[in-house]
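Remarks on the structure that follows.
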Amino acid sequence: MPALIMIADDDMDNRTIMAAALTAAGFRVCLAENGAQALESAAQQHPDLILLDMSMPIMDGWTAVGRLKADPALRAIPVWALTAFALSGDEAKTKAAGCDAYLSKPCIPAELVSRVRQALNPGGTK
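In terms of the numbering used here, the sequence shown opens at residue 49 and continues consecutively.
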């Protein structure tokens, strides 16, 4: 079964573009509009990877990643920070918060797919 990727981003255009690229590449995708939805969906679906916007309403990515990593049932799921903040030190801040990787937005769809493939299949055996 193809890997399930969660995209948690409050911007519909970002979700749509990333979901289309990942789906076309053969991944399954689930969507969340905020951190609270991401937590609920992660608990239900156990995605293989979570792409998490750090600035969302209701619950931001900073809070969501802390709760994901504090939950023994969810902490092993890789979480990648998605953020338009690409200043020096931002990547380190997201990693200190619990994110496993960092992507600045806007993401180029081909690069996103390539990075996801590499992360989920580092040996290239699929």
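We put the CB at the ideal spot given by N, CA and C, even for glycine.
### Task
Kindly list the residues whose CB is nearer than 6 Å to the CB of Glu139, restricted to its own chain and excluding five residues on each side of it in sequence; keep chain order.
As a first step, residue 139 is located in the sequence shown; it is residue number 91 there, counting from the start. If we look at Glu139 and ignore the five residues flanking it on each side, its Cβ neighbours are Tyr150.
### Euclidean distance between Cα positions of Asp101 and Trp110
As a first step, residue 101 is located in the sequence shown; it is residue number 53 there, counting from the start. As a first step, residue 110 is located in the sequence shown; it is residue number 62 there, counting from the start. Roughly 9 Å between the two C-alpha positions.
### For Glu159, the nearest candidate out of Arg115, Leu70 and Ile53 (CA to CA)
Locating residue 159 in the sequence shown gives position 111, counting from the first residue. Nearest of Arg115, Leu70 and Ile53 to Glu159, Cα basis: Leu70.
### Query
How should Ile106 be labelled, buried or exposed, when 16 other C-beta atoms within 10 angstroms of its C-beta is the threshold for buried?
Position 58 of the sequence shown, counted from the start, is the residue given in the question as residue 106. The residue is exposed, with fewer than 16 neighbouring Cβ atoms inside 10 Å.
### Task
Starting from the N-terminal side, write out each stretch of the beta strand (DSSP E) that is 3 residues or longer and does not extend beyond the segment 134–162.
Every unbroken stretch of the beta strand (DSSP E) spanning 3 or more residues and falling wholly within the segment 134–162 is given here in chain order: 149–152.
### Task
State buried or exposed for Ala132, treating a residue as buried only when at least 16 other CB atoms are found within 10 Å of its CB.
Here residue 132 is taken as the residue at index 84 of the sequence shown, counted from 1. Classification for Ala132: exposed.
### Three-state secondary structure assigned by DSSP to Met54
Looking up residue 54 in the sequence shown gives position 6. The answer is strand: DSSP assigns Met54 an E or B state.
### Query
In terms of residue numbering, what span does the beta strand (DSSP E) encompassing Leu97 cover?
By one-based count along the sequence shown, residue 97 stands at place 49. Note, Leu97: beta strand (DSSP E), Leu97 to Asp101.
### Task
List in chain order: all unbroken beta strand (DSSP E) runs of 3+ residues lying wholly within the segment 68–96.
76–80
### Task
Return the bridge partner residues of Thr131 from the DSSP annotation.
One-based indexing of the sequence shown puts residue 131 at position 83. Ser152, per the DSSP bridge assignment.
### Query
Does DSSP put Ala118 in a helix, in a strand, or in coil?
Within the sequence shown, residue 118 is the residue found at index 70, counting from 1. In the structure shown, Ala118 sits in a helix (DSSP, three-state: H, G or I).
### Query
Between the segment 51–61 and the segment 81–95, do at least 3 Cβ pairs fall closer than 8 Å?
yes
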